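Colleague: I'd like to ask you about the structure that follows.
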Amino acid sequence: MSNAWFWLLAAALCVSAVMVVRSRDLVRAVLWLALGLLLTAGLYAYLDAPFLAGVQVLTYVGGVATLMVFGVMVTRRHTSASAEASNDSNAVGVLAALGVFALLATAILKTDLPESSVPTQTTAELGRALLDTYLLAFEAVSLLLLAAIVGAVVIARRRDVETRETRGSATLPSIQVGRTEAE
Amino acid sequence: MTLVQCLLLASALFSVGVYGLITRRQAVAMLLSIELMVNAANLALVAFAKYAGAPTQPLVLFTLAITVAEVAVGLALVMLLYRRYDDTLLDAASETKG
């Protein structure tokens, strides 16, 4: 891949990022984000990280973007389906973004950074490192994911199902959920 | 392309995320902006792995897993917010503001 491809990817990435934050329709914003994540996966492949590119497509584009679409659809209302940025926070946002970018760019340009590329970890080495050097962190992340799943279910659970269960009328809670929707 | 270009691109994406986080008033839209920022950080990490030989690729995997957990809990909170206040504008949930 030549340098032109990088610039093409970078430009498309910037456009999609701006569309994510400027798009009026939230569903469109989510789709722009999915495009941006896909383009980032392309950059990963370009940066010798094919496994990360695959994982990015599977979890982010396949999982997170889908989840976000569900989140938008479920919580959709006529008043807030379009999320417009108010004008007073717009100026503050532009200032803050420019400030952050100026700070980061100054730090990057003032640092002596290596120019040449070095061979990166292969997927086999990556897997070995995960189950060897980073085993404790790996297990901690799996515990975190479990906690997040259980926590998300507990938080998003409907209250009325809970009260019916305590009353003892429900032998099968899953059927009861459908019945409360029908009532 | 060099490391500097990659890092500048990541900074630009991060700044766009900051802009979105400040201007958006909707919970889901703010989650999207956070996703943008995490994505920019991941891009910088992968660039460092390629050009500085830093072993940051496992770190990117951990970041991915943590972000997925964050989105799951965040969307659950959005659902709760919607059920409680009938809206997902975060201004509605300012009653706990000290």
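Residue numbers (my numbering), protein chains in the order written: chain A, 1 to 183; chain B, 1001 to 1098.
By construction, the Cβ of each residue, glycine as well, lies at the ideal position given by its N, Cα and C atoms.
No experiment lies behind these values; they were computed from the predicted model shown.
From the DSSP output, in three-state form, read off Q56 of chain A for me.
Modeller: Numbered from its first residue, the first sequence carries residue 56 of chain A at position 56. Helix, per DSSP.
Colleague: Considering just the uninterrupted stretch of the alpha helix (DSSP H) at V1060 of chain B, what are its terminal residues?
Modeller: For this step, residue 1060 of chain B is matched to residue 60 along the second sequence. Residues Q1057 to Y1085.
Colleague: Within 10 Å of its beta-carbon, does E10 of chain A have 16 or more other beta-carbons around it, so buried, or fewer, so exposed?
Modeller: Taking the first sequence and counting its residues from 1, one reaches residue 10 of chain A at position 10. Correcting the residue identity first, residue 10 of chain A is Ala in this sequence and not Glu. Burial call: buried.
Colleague: Mind reading off the beta-carbon distance from L95 of chain A to Y60 of chain A? Whole number of angstroms is fine, and I expect it under 8 Å.
Modeller: Residue mapping note: residue 95 of chain A aligns to position 95 of the first sequence, counting from 1. Residue mapping note: residue 60 of chain A aligns to position 60 of the first sequence, counting from 1. Going by Cβ atoms, the distance from L95 of chain A to Y60 of chain A rounds to 30 Å, so no, they are not a contact pair.
Colleague: Can you look up T171 of chain A in the DSSP assignment and give me helix, strand or coil?
Modeller: Working through the first sequence from its first residue, we reach residue 171 of chain A at position 171. Only weak support is given to the placement of T171 of chain A: the predicted model assigns it a pLDDT of 49, under 50, and the value that follows is read from those uncertain coordinates. In the structure shown, T171 of chain A sits in coil (DSSP, three-state: anything other than H, G, I, E or B).
Colleague: Could you list which residues in chain A have their beta carbon closer than 8 Å to that of I1066 of chain B, in chain order?
Modeller: Within the second sequence, the letter at position 66 stands for residue 1066 of chain B. Under the 8 Å cutoff, chain A gives V141 and L144.
Colleague: By the three-class DSSP mapping on this structure, what secondary structure does Q121 of chain A have?
Modeller: Position 121 of the first sequence, counted from the first residue, corresponds to residue 121 of chain A. Q121 of chain A falls in the coil class under three-state DSSP.
Colleague: Would T66 of chain A be called buried (16 or more neighbouring beta carbons within 10 Å of its own) or exposed?
Modeller: By one-based count along the first sequence, residue 66 of chain A stands at place 66. It is exposed - the Cβ of T66 of chain A has fewer than 16 other Cβ atoms within 10 Å.
Colleague: List the residues of chain B that P114 of chain A touches, going by C-beta distances under 7 Å, in chain order.
Modeller: Against the first sequence, residue 114 of chain A aligns to sequence position 114. By Cβ distance, chain B contributes L1003, Y1051 and A1052.
Colleague: Taking a cut of 9 Å between CB atoms, which residues from the stretch 1028-1045 of chain B lie near chain A?
Modeller: Going along the stretch 1028-1045 of chain B in chain order, one finds V1028, A1029, L1031, L1032, S1033, E1035, L1036, N1039, A1040, N1042 and L1043 with a Cβ nearer than 9 Å to chain A.
Colleague: I want to verify the contact list: residues of chain A whose CB lies under 7 Å from the CB of Y1082 of chain B, in sequence order.
Modeller: Residue numbering aside, residue 1082 of chain B sits at position 82 when the second sequence is read from its first letter. Within 7 Å Cβ-Cβ: T75.
Colleague: For the stretch 30-44 of chain A, which residues have a beta carbon sitting closer than 8 Å to at least one beta carbon of chain B?
Modeller: Correct list: V30, L33, G36, L37, T40, L43 and Y44.
Colleague: Taking the alpha-carbon positions, what's the L1075 of chain B to G71 of chain A distance?
Modeller: One-based indexing of the second sequence puts residue 1075 of chain B at position 75. One-based indexing of the first sequence puts residue 71 of chain A at position 71. C-alpha separation (whole angstroms): 6 Å.
Colleague: Step through the CB atoms of chain B and report whether any lies within less than 8 Å of the CB of D48 of chain A.
Modeller: On the first sequence, position 48 is the one that residue 48 of chain A refers to. Yes, D48 of chain A counts as interfacial toward chain B.
Colleague: Assign V1068 of chain B to one of two classes, buried (16 or more other C-beta atoms within 10 Å of its C-beta) or exposed (fewer than that).
Modeller: Numbered from 1 along the second sequence, position 68 holds the residue referred to as residue 1068 of chain B. Buried, by the Cβ-count rule.
Colleague: In the structure shown, what three-state DSSP assignment does L1089 of chain B receive?
Modeller: Along the second sequence, read from residue 1 onward, the residue named residue 1089 of chain B stands at position 89. Looking at L1089 of chain B - three-state DSSP - the assignment turns out to be strand.
Colleague: Once the 5 residues before and after A1049 of chain B are set aside, which same chain residues still bring their CB inside 6 Å of it?
Modeller: Reading the second sequence from its first residue, position 49 is the one you call residue 1049 of chain B. Excluding positions up to five away in sequence, the list reads T1056 and Q1057.
Colleague: Taking Cβ-Cβ distances shorter than 8 Å, what residues in chain A pair up with I1085 of chain B?
Modeller: Along the second sequence, read from residue 1 onward, the residue named residue 1085 of chain B stands at position 85. It should be noted that the sequence gives Tyr, not Ile, for residue 1085 of chain B. None at all; the shortest Cβ gap to chain A is about 11 Å.
Colleague: For W32 of chain A and D112 of chain A, what's the separation of their Cα atoms in angstroms?
Modeller: Translated into positions along the first sequence, residue 32 of chain A becomes position 32. Translated into positions along the first sequence, residue 112 of chain A becomes position 112. Rounded to the nearest angstrom, the two C-alpha atoms are 34 Å apart.
Colleague: For T66 of chain A, decide whether its Cβ has a neighbour in chain B, counting only Cβ atoms nearer than 8 Å.
Modeller: Numbered from its first residue, the first sequence carries residue 66 of chain A at position 66. Taking Cβ atoms only, chain B never reaches closer than 8 Å to T66 of chain A, which makes this a no.
Colleague: Does the beta carbon of V150 of chain A come closer than 8 Å to any beta carbon on chain B?
Modeller: For this step, residue 150 of chain A is matched to residue 150 along the first sequence. No, V150 of chain A lies away from the interface with chain B (no Cβ there is under 8 Å from its Cβ).
Colleague: Would you call the CB atoms of C1006 of chain B and A1072 of chain B closer than 8 Å?
Modeller: One-based indexing of the second sequence puts residue 1006 of chain B at position 6. One-based indexing of the second sequence puts residue 1072 of chain B at position 72. It is not a contact, given that the beta carbons lie outside the stated cut-off.
Colleague: Just the chain B side, please: which residues come within less than 7 Å of A137 of chain A by C-beta, in chain order?
Modeller: Position 137 of the first sequence, counted from the first residue, corresponds to residue 137 of chain A. F1062, listed in chain order.
Colleague: Does A12 of chain A get closer than 8 Å to chain B when you measure Cβ to Cβ?
Modeller: Numbered from 1 along the first sequence, position 12 holds the residue referred to as residue 12 of chain A. It does not; no Cβ of chain B falls within 8 Å.
Colleague: Counting pairs of beta carbons, one from the stretch 41-51 of chain A and one from the stretch 1030-1040 of chain B, are three or more of them closer than 8 Å?
Modeller: The answer is no - the stretch 1030-1040 of chain B does not touch the stretch 41-51 of chain A, with fewer than three Cβ pairs under 8 Å.
Colleague: Taking A124 of chain A as the reference, which of A:T40, A:A12 and A:L52 has the closest Cα?
Modeller: The residue you call residue 124 of chain A lines up with position 124 of the first sequence. Comparing Cα positions, the closest option is A:L52.
Colleague: Should A1052 of chain B go down as buried or exposed, given a rule of 16 or more other Cβ atoms within 10 Å for buried?
Modeller: Against the second sequence, residue 1052 of chain B aligns to sequence position 52. By the 10 Å Cβ count, A1052 of chain B comes out exposed.
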